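S.K.:
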Amino acid sequence: MFSRSQHHPEDEETVLPLTAVAGASGERAGAGSSGKGRNGDRETQQGDAEKYFDDEDGHDKHGADDYHDDEDAEERLVLPAPSPAWKYSSASGSSNNKQPHQPSSSSSSSSPLRRIARRLRQRWFSTLLYLAALLVVLNMVFGDGSNIGVRVSSFARKLASSKSWSAANSLTGTGAEASWAKAAWVEEPVRTDLHYDTPFNRDDLTLTEGECDAFFPGLWKDIERAEHYYARSRNPWSRDYLERSCSDETFSQLRVVIYHNRLYIKKYKQSDFTRTQTTLSLLQQAITSSRERLPNVEFCMDLQDWGSHGLFSLSRAPQQDDVWLMPDYAFFAWKEHIGGSYKEFREKSAELEKQIGWEGKVNKLFWRGSIHVGTEDREAMLAAAKGYPWNDAQPLDWSGDRHEWVSMIDHCKWKFHGFPEGNTYSGRLRYLQHCRSVIVTHEPRWIQHWTHLYNANSSSPDQNIVFVPLPKDTKAAKGDIDKDPAAVYGALWERLPEVMDELLRDDAKAKRIADNQWTFMRERYVSPASAACYWRKALKAFGRVQNYDVDLTGREISYEDHMLNGFPQWPIPEA
Numbered sequence: 259m260f261s262r263s264q265h266h267p268e269d270e271e272t273v274l275p276l277t278a279v280a281g282a283s284g285e286r287a288g289a290g291s292s293g294k295g296r297n298g299d300r301e302t303q304q305g306d307a308e309k310y311f312d313d314e315d316g317h318d319k320h321g322a323d324d325y326h327d328d329e330d331a332e333e334r335l336v337l338p339a340p341s342p343a344w345k346y347s348s349a350s351g352s353s354n355n356k357q358p359h360q361p362s363s364s365s366s367s368s369s370p371l372r373r374i375a376r377r378l379r380q381r382w383f384s385t386l387l388y389l390a391a392l393l394v395v396l397n398m399v400f401g402d403g404s405n406i407g408v409r410v411s412s413f414a415r416k417l418a419s420s421k422s423w424s425a426a427n428s429l430t431g432t433g434a435e436a437s438w439a440k441a442a443w444v445e446e447p448v449r450t451d452l453h454y455d456t457p458f459n460r461d462d463l464t465l466t467e468g469e470c471d472a473f474f475p476g477l478w479k480d481i482e483r484a485e486h487y488y489a490r491s492r493n494p495w496s497r498d499y500l501e502r503s504c505s506d507e508t509f510s511q512l513r514v515v516i517y518h519n520r521l522y523i524k525k526y527k528q529s530d531f532t533r534t535q536t537t538l539s540l541l542q543q544a545i546t547s548s549r550e551r552l553p554n555v556e557f558c559m560d561l562q563d564w565g566s567h568g569l570f571s572l573s574r575a576p577q578q579d580d581v582w583l584m585p586d587y588a589f590f591a592w593k594e595h596i597g598g599s600y601k602e603f604r605e606k607s608a609e610l611e612k613q614i615g616w617e618g619k620v621n622k623l624f625w626r627g628s629i630h631v632g633t634e635d636r637e638a639m640l641a642a643a644k645g646y647p648w649n650d651a652q653p654l655d656w657s658g659d660r661h662e663w664v665s666m667i668d669h670c671k672w673k674f675h676g677f678p679e680g681n682t683y684s685g686r687l688r689y690l691q692h693c694r695s696v697i698v699t700h701e702p703r704w705i706q707h708w709t710h711l712y713n714a715n716s717s718s719p720d721q722n723i724v725f726v727p728l729p730k731d732t733k734a735a736k737g738d739i740d741k742d743p744a745a746v747y748g749a750l751w752e753r754l755p756e757v758m759d760e761l762l763r764d765d766a767k768a769k770r771i772a773d774n775q776w777t778f779m780r781e782r783y784v785s786p787a788s789a790a791c792y793w794r795k796a797l798k799a800f801g802r803v804q805n806y807d808v809d810l811t812g813r814e815i816s817y818e819d820h821m822l823n824g825f826p827q828w829p830i831p832e833a
């Protein structure tokens, strides 16, 4: 029970039987038409009442059976809640005449849902605040920063009309072409004043093609191979070939258009983890930082581990001649395993190397990783290293104790890194090449855009990696890896112990290999500048074999709009 001081009649509805209302009306009629006083005010309020029929149990929960029939629900009148202006009799203005309003002891019968709905109508602002707070809590518990908000806004966009997405882009047409052509692009001839040893900024994304050629000689081998293949191919890069390569629903995650040095997205399919986001961001960096005019091109991208025909892919098998290689997404960032940007990792790993030096490193072969990918390769390395004092290679349980994890930066604390591949290539390679350490591996079975630059020649002063030599009986190592992968990889790692014994005996040679890796890879061929140069070089080569003109059709979205609003739901064409 509420005391009278706690009761707020303005928050309630007054429900009276029609008979009671009729009596009250007679009393008001006798009060005259002056409209003054308590009864006059109530007449005005009750004149707005509306009728309804009680369709519930035929009686209210207070047991007011004395004024209606159980068989026929009595018609009632719902009066608006009394306003504070007539809570008390104020005709004379005297405080002695104050009479607290007494609500009816009987309340209308209603279902729980109706009561909840009525309460929501009365408390709409508070309800919105509660919902907003709930979204924040859910985002903190289950989201990764903005998942729930993005999904809500995406759902709202689906409900709204999407015709605006299909409108022709304003940048199309001859006017835009003329404007783009008049821009002050660098038209640079071959640079003869630069050479390999000319100092340059490894983080500079704006290098011209001439500068890229001078600072990264030999990097373009796979671009030249792909261009040569399509220039002489029986399947020239026609629009029909484009559509066939992009129709692969398994491997084709992105379809992009580069038009007037701007990136547009024509197809977006979320890949594993954040590969689609980081791949687009890396490509956007290369395009917007270009001081030279880039060709208008259109192509699709594969973000799985395996390359696929006609697609820009992360890696390829040696026999996949129709694949274009692109820089790995982790040249921008690798959220799932590294965290932070690629440039931040470079700075932190360099600082650690400066602190510990070669003599401060652990004199063992180190590896941590899952054996659920690249299983046969990784198990073969673990088996070959088992029991030796130089061995610090262990499988990692990602669901286990995090204290066992070793950050990629801390990998630089070991002198030697074992490097088996993954499903195809292994994404950690460019990170290991940021350490003054020696990578010990077998000859790679998968190709990335820079791995042809390995120098495993043990007689070369420029050796930057160590390959475990094949066993004397090479039959197993050259066997069918699809039929018996365990036997093949077992043979590839068989001579690991003798390789480690030699490296441990000749510490000076091991340090020279580690220094070469740092200078050649970290300081040059896996730098951010090299990735931007490679992307632009690949786009120009692709433009030379593309046998169709590219324009915007209205079914693209700019990179900036995509990052802010997501990829649109295109309207279904009318039949």
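The sequence shown begins at 259 in my numbering and counts up by one.
Even glycine gets a Cβ: it sits at the ideal position worked out from N, Cα and C.
Because the structure is a prediction, the values reported are computed rather than measured.
With respect to the beta strand (DSSP E) encompassing D650, which residues constitute its N-terminal and C-terminal limits?
M.R.: 649–653
S.K.: Is it buried or exposed, D560, if we count other Cβ atoms within 10 angstroms and call 16 or more buried?
M.R.: Taking all protein chains in view, the Cβ of D560 is crowded by 16 or more other Cβ atoms within 10 Å, so the residue is classified as buried.
S.K.: Looking at the unbroken beta strand (DSSP E) that takes in K524, where does it start and where does it end?
M.R.: It spans 521–526 - the beta strand (DSSP E) in which K524 sits, taken as one unbroken run.
S.K.: Taking a contact to mean a Cβ-Cβ separation below 9 Å, would you say L452 touches A787 in this structure?
M.R.: no
S.K.: Any idea what DSSP makes of D819, helix, strand or coil?
M.R.: D819 sits in a helix when the DSSP states are folded into three classes.
S.K.: Only counting the same chain, and skipping five residues up and downstream in sequence, which positions put a Cβ closer than 8 Å to that of S510?
M.R.: Closer than 8 Å at Cβ, skipping near neighbours: S503, C504, K525, K527, C558, M559, D560, S566, L569.
S.K.: Return the CA-CA distance between S816 and L521, expressed in angstroms with no decimal places.
M.R.: 6 Å
S.K.: If we call anything under 9 Å between Cβ atoms a contact, is F778 one with N715?
M.R.: no
S.K.: Looking at V724: is its Cβ nearer than 9 Å to the Cβ of L761?
M.R.: yes
S.K.: For T536, count neighbouring C-beta atoms within 10 Å of its own C-beta (all shown protein chains included) and say buried if the count is 16 or more, exposed if not.
M.R.: Buried, since its Cβ has 16 or more Cβ neighbours within 10 Å.
S.K.: From the DSSP output, in three-state form, read off H453 for me.
M.R.: Here H453 sits in coil by DSSP.
S.K.: My output table needs one value for F825: the three-state DSSP class, helix, strand or coil.
M.R.: coil
S.K.: Using CA coordinates, which residue listed in R379, A642, W495 is at the minimum distance from E756?
M.R.: That would be A642, whose Cα lies nearest to the Cα of E756.
S.K.: Given E634, which residues of its chain have a CB within under 6 Å of its CB, disregarding the five upstream and five downstream residues?
M.R.: P743, A744, Y747
S.K.: Starting from the C-beta of T709, find all residues in its chain whose C-beta is less than 6 Å away, skip the five residues before and the five after it, and write them out in chain order.
M.R.: Here T709 has P702 as same chain residues with Cβ atoms under 6 Å from its own Cβ, once five neighbours each way along the sequence are excluded.
S.K.: To which residues does DSSP link F589 through a beta bridge?
M.R.: Answer is none; F589 lacks a bridge partner.
S.K.: Going by Cα to Cα distance, which pick from L728, L512, D498 is closest to H820?
M.R.: L512
S.K.: Out of curiosity, what's the CA-to-CA distance linking E594 and E550?
M.R.: 34 Å
S.K.: Which residues in the same chain have their Cβ closer than 7 Å to the Cβ of E814, if we skip the five residues on either side of it in sequence?
M.R.: A distance below 7 Å between beta-carbons, with the five flanking residues on each side excluded, links E814 to the following residues of its chain, in chain order: N427, V515, Y522, I523, K524.
S.K.: Please go through the region 531–596 and give each complete beta strand (DSSP E) segment of 3 or more residues, from N-terminal end onward.
M.R.: 555–560
S.K.: What whole-angstrom Cβ distance do K622 and W663 have, given they're in contact under 8 Å?
M.R.: Actually they are not in contact, since the Cβ atoms of K622 and W663 sit about 18 Å apart, beyond 8 Å.
S.K.: Inspect the CB distances between the region 614–631 and the region 578–598 and report whether three or more fall short of 8 Å.
M.R.: no
S.K.: Between which residues of its own chain and E818 is the CB-CB distance below 7 Å, once the five residues before and five after are set aside?
M.R.: Excluding residues up to 5 positions away in sequence, nothing lies with its Cβ nearer than 7 Å to the Cβ of E818 in the same chain.
S.K.: Output the boundary residues of the beta strand (DSSP E) element that contains S607.
M.R.: Premise fails: S607 lies in the alpha helix (DSSP H), 600–614, not in any beta strand (DSSP E).
S.K.: Which residues in the same chain have their Cβ closer than 6 Å to the Cβ of R794, if we skip the five residues on either side of it in sequence?
M.R.: A544, S548
S.K.: Please list, in chain order, all residues of the same chain as L822 whose beta carbon is under 6 Å from its beta carbon, the five residues on each side excluded.
M.R.: none
S.K.: In the structure shown, what three-state DSSP assignment does N681 receive?
M.R.: coil
S.K.: For the alpha helix (DSSP H) containing N621, list its first residue and its last residue.
M.R.: Here N621 belongs to no alpha helix (DSSP H); instead the beta strand (DSSP E) covers 620–627.
S.K.: Between the region 476–495 and the region 797–813, do at least 3 Cβ pairs fall closer than 8 Å?
M.R.: yes
S.K.: Nearest to G476 by CA position, among R753, Y712, N554, is which residue?
M.R.: Nearest to G476 by alpha-carbon distance, out of R753, Y712, N554, is Y712.
S.K.: Quick one: Cα of V555 to Cα of L797, how far?
M.R.: 7 Å
S.K.: I481 and W582: beta carbons closer than 9 Å?
M.R.: yes
S.K.: Answer yes or no: do C791 and L465 have a C-beta to C-beta separation smaller than 9 Å?
M.R.: yes
S.K.: Do you know how far the Cα of D731 is from the Cα of W625?
M.R.: Spanning the alpha carbons of W625 and D731 requires a straight line of approximately 27 Å.
S.K.: Helix, strand or coil for I667? Go by DSSP, reduced to three states.
M.R.: helix
S.K.: Taking DSSP as the reference, what is the three-state secondary structure of E814?
M.R.: coil
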